[in-house]
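Start counting at 1 in the sequence shown, then tack on 229, and there's your number in the numbering used here. Taking it in order: structure first as structure tokens, then the write-up.
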Amino acid sequence: DMLTSFFHFLLSTASRHYHFINKPLSWSEAQSYCREKHADLATVDNMDDMRALAESLGGHIRQSWIGLERRGPMRWMWSDGSGTAHFTSWREDEPNNVAGNEWCAEFVEGNWNDVPCDQDLSFVCYEREFAYYAGALSWTRGQDTCRSKHTDLASVWNHDDTSEIKKLVNGEKAWIGLFRDTWTWSDGSDTSFRFWLNGKPDNHMGIENCATAGMSQQGHWEDVPCDERHPFICHGGELPKHESDFDLSTRSEKHGVRICSYTK
């Protein structure tokens, strides 16, 4: 079975070339490998790329390293991947992170408040226009719903967005796509797209500082200790830097995504 030997697999999406390497390494070893042979460990920019990766690798691989590690400054970011929130509309004395677990933001009467992400609230999605869901869900479940039915939880860019959402929610508290974390991408990319498994990241035992994508779980991510050994995904040029290392063995096209496999 080709997948049990050392195996290299290329996936080209609209935004990146992804390389899957079926060779169990620690996160830092995988980072070094990717930087030498490609560009870096994979940055995942959006849901389209995540779906393509999960579909392509889903039958084969349980967990693979991606380029996300918990080592950056704490910052508030948007769920849709657009990066750090520059326009803000916090209530007075917020965000205050009561009890140290307020990592998501609710929209309250035109302003924002930080609250625990597992609270059940209504939520606002976005895809060309805002869509309000009155059902009470946690932030992550609201995000899942928005991503399956629209594009993502709503980002609020200016006072016009604020007014529009205020009318929609009609006095109710509702999730928007704002969250905070200290995770950063190995290649320095500012994308704030995250795809955590429900209940993750939980930093179990205080040592889970790197992230894997679990392809058997639609690609959802988990935080794990960085010295675990897993296959990994790089991104970079279309072919390995040392092309002679590989024989091109298969090539196929699916959903407009080009897939090539290389065996050493």
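Beta carbons: idealized from backbone N, C-alpha and C, even for Gly. As the structure is a prediction and not an experimental result, all values here were calculated from the model.
Between which two residues does the alpha helix (DSSP H) carrying Ile-394 extend?
-> Counted from its first residue, the sequence shown places residue 394 at position 165. Here the alpha helix (DSSP H) through Ile-394 covers 388-398.
Pull up the distance between the alpha-carbon of Asn-494 and that of Asp-410, whole angstroms please.
-> Since the first and last residues shown for the chain are 230 and 493, residue 494 lies out of range.
For the beta strand (DSSP E) that Met-434 lies in, which residues bound it at each end?
-> Here residue 434 refers to the residue found at position 205 when the sequence shown is read from its first residue. Counting along the chain, Met-434 falls outside any beta strand (DSSP E), and DSSP gives it neither H nor E.
Proximity of Cys-346 and Ser-367 at Cβ, strictly below 8 Å | In the sequence shown, counting from the first residue as 1, residue 346 sits at position 117. In the sequence shown, counting from the first residue as 1, residue 367 sits at position 138. Yes. Within cutoff.
Would you report the Cα separation of Cys-263 and Thr-374, rounded to the nearest angstrom?
-> Along the sequence shown, read from residue 1 onward, the residue named residue 263 stands at position 34. Along the sequence shown, read from residue 1 onward, the residue named residue 374 stands at position 145. Between the alpha carbons of Cys-263 and Thr-374 lies a gap of roughly 34 Å.
Complete alpha helix (DSSP H) runs within the segment 244-279 (minimum length 4 residues, chain order) | Taking only runs of at least 4 residues, the alpha helix (DSSP H) segments lying wholly in the segment 244-279 are 256-266.
Pull up the distance between the alpha-carbon of Phe-249 and that of Asp-277, whole angstroms please.
-> If you number the sequence shown from 1, residue 249 lands on position 20. If you number the sequence shown from 1, residue 277 lands on position 48. Distance between the alpha carbons of Phe-249 and Asp-277 is about 17 Å.
CB-CB length for Phe-424 against Leu-382, believed under 8 Å | Here residue 424 corresponds to residue number 195 of the sequence shown, with the count starting at 1. Here residue 382 corresponds to residue number 153 of the sequence shown, with the count starting at 1. Actually they do not touch by this definition, with Cβ atoms about 13 Å apart.
Reduced DSSP category for Val-453 - H, G, I as helix; E, B as strand; rest coil = Residue 453 sits at position 224 when you count from the first residue of the sequence shown. Strand, per DSSP.
Spatially closest choice to Leu-426 from Ala-403, Val-453, Gly-400 and Leu-407, by CA coordinates | Taking the first residue of the sequence shown as 1, we reach residue 426 at position 197. Taking only the C-alpha atoms, the option nearest Leu-426 is Val-453.
Along the chain, which unbroken stretches of the alpha helix (DSSP H) at least 4 residues long are found entirely within the segment 269-354?
-> Counting only runs of 4 or more residues that sit fully inside the segment 269-354, the alpha helix (DSSP H) segments are 276-286, in chain order.
Report the option in Asp-431, Val-385 and Gly-435 whose CA atom is closest to the CA atom of Asn-340.
-> Here residue 340 is taken as the residue at index 111 of the sequence shown, counted from 1. Selected option, being the one with the closest Cα: Val-385.
Using only alpha-carbon positions, find the residue among Ala-360, Gly-435, Trp-332 and Trp-319 that is nearest to Glu-393.
-> To locate residue 393, count along the sequence shown from 1; it is residue 164. In terms of Cα proximity to Glu-393, the closest of Ala-360, Gly-435, Trp-332 and Trp-319 is Ala-360.
Nearest-angstrom Cα distance between Gly-310 and Pro-430?
-> For the purposes of this step, residue 310 is taken as residue 81 along the sequence shown, with counting starting at 1. For the purposes of this step, residue 430 is taken as residue 201 along the sequence shown, with counting starting at 1. Separation of Gly-310 and Pro-430 (C-alpha to C-alpha, rounded to the nearest whole angstrom) is 17 Å.
Would DSSP call Gly-371 helix, strand or coil?
-> Working through the sequence shown from its first residue, we reach residue 371 at position 142. DSSP places Gly-371 in helix when its eight states are reduced to three.
Express the C-alpha separation of Thr-441 and Ile-295 in angstroms, rounding to a whole number.
-> Stepping through the sequence shown from its first residue, residue 295 is reached at position 66. Stepping through the sequence shown from its first residue, residue 441 is reached at position 212. Roughly 6 Å separates the two Cα atoms.
Segment limits, beta strand (DSSP E) that includes His-464 = Taking the first residue of the sequence shown as 1, we reach residue 464 at position 235. Residues 459-464.
Could you tell me which residues DSSP puts in a beta bridge with Asp-410?
-> Within the sequence shown, numbered from 1, the residue matching residue 410 stands at position 181. Its beta-bridge partners are Arg-304.
Endpoints, beta strand (DSSP E) assigned at Phe-359 | Sequence index remark: in the sequence shown, residue 359 carries index 130 (1-based). For Phe-359, the enclosing beta strand (DSSP E) stretches over residues 358-366.
Using three-state DSSP, classify Ser-418 as helix, strand or coil.
-> Locating residue 418 in the sequence shown gives position 189, counting from the first residue. Note: Ser-418 maps to coil in three-state DSSP.
Consult DSSP for Ser-241 and reduce its assignment to one of helix, strand or coil.
-> One-based indexing of the sequence shown puts residue 241 at position 12. Correct three-state label for Ser-241: strand.
Starting from Thr-441, trace the beta strand (DSSP E) both ways and give me its first and last residue.
-> By one-based count along the sequence shown, residue 441 stands at place 212. Segment 439-443, the beta strand (DSSP E) holding Thr-441.
What's the gap between the Cα of Gly-465 and the Cα of His-449?
-> Position 236 of the sequence shown, counted from the start, is the residue given in the question as residue 465. Position 220 of the sequence shown, counted from the start, is the residue given in the question as residue 449. Cα atoms of Gly-465 and His-449: separation of roughly 22 Å, rounded to the nearest angstrom.
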